[in-house]
Each structure stands twice: as C-alpha cells, then as structure tokens.
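Okay, structure first, notes after.
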Amino acid sequence: MPSLVVGGGYATLKERRNNEQLEIVGFGYTAGLRHYFSDDLLQLQVLATATRWPGYWQLQGSAKRGLFGSFAAGVSYNQVRDYKEVSFALTRYFY
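70 is the number that this note's numbering gives to position 70 of the sequence shown; each next residue is one higher, with no gaps.
Below you can see the structure in the form of structure tokens.
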C-alpha cells in the first residue's frame with residue numbers, strides 16, 4: 001500500500017526577466033506518494049511529489065532499485081517552471 005508524503009518549506013526563487021531581477025519568496029507545501037515494491041525480483045522504491053510554491057509548482061519523482069550486495073541504482077526527475085532535470089545514480093550503502 002502506498003504511503004502519503006506531506007511536507008512544507010520556505011523558498012526563494014530568483015530569475016532575470018526582461019533585464020529585471022525577479023524574486024519570489026514564501027512558504028510552500030508538498031504532497032505525494034511513496035511505494036515499496038518488495039517482491040524479491042523487483043525490490044523497487046518509487047516516490048512522486050508535487051510542491052506548491054508561491055507562483056509556481058515543483059514536480060519530483062524517483063525510482064530506486066536494489067542491485068547486489070549493498071548497491072542500488074536509481075533515476076530521478078525534477079521540474080521547476082521551465083527547468084527540467086533527469087539524473088541517474090549508483091549508490092553504495094556502508095551499513
């Protein structure tokens with residue numbers, strides 16, 4: 001069963017528009033879902049959140065899978081206004 005993720009924070013966004021410096025500041029809130037697929041074959045953790053900041057949305061998502069031993073691999077997505085980012089990671093746990 002998926003878990004509900006909620007949160008909040010404070011952000012400052014600075015950008016330049018038409019040679020003017022624009023600054024948006026304020027509190028935001030986050031809501032999303034996290035789910036662990038604990039099947040022996042899959043072992044996948046998925047997270048999707050949407051954060052509402054004053055004047056814009058931030059969308060984030062990630063998927064991470066255990067590999068072998070203490071290693072995991074994952075992909076993450078982040079979008080804020082016109083900025084979009086996809087990143088890949090290989091993780092080693094030391095515990």
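Using N, Cα and C, we set each Cβ at its ideal position, and we do this for glycine too.
These figures come from a predicted structure and were not determined experimentally.
By the C-beta density criterion, W57 is exposed, having fewer than 16 other C-beta atoms within 10 angstroms. The closest CA to that of G26, considering only S62, E20 and K14, is found on K14. Taking a contact to require three or more Cβ pairs closer than 8 Å, the region 18-37 and the region 71-81 do not qualify as touching. For L67, the three-state secondary structure derived from DSSP is coil. Going by C-alpha positions, S38 is about 14 Å away from L47. In the DSSP assignment, the residues bridged to R16 are Q21. Boundaries of the beta strand (DSSP E) around Q45: L44 to W53. One thing to note: S70 has its Cβ within 8 Å of the Cβ of R92. The continuous beta strand (DSSP E) containing L90 extends over residues Y83 to R92.
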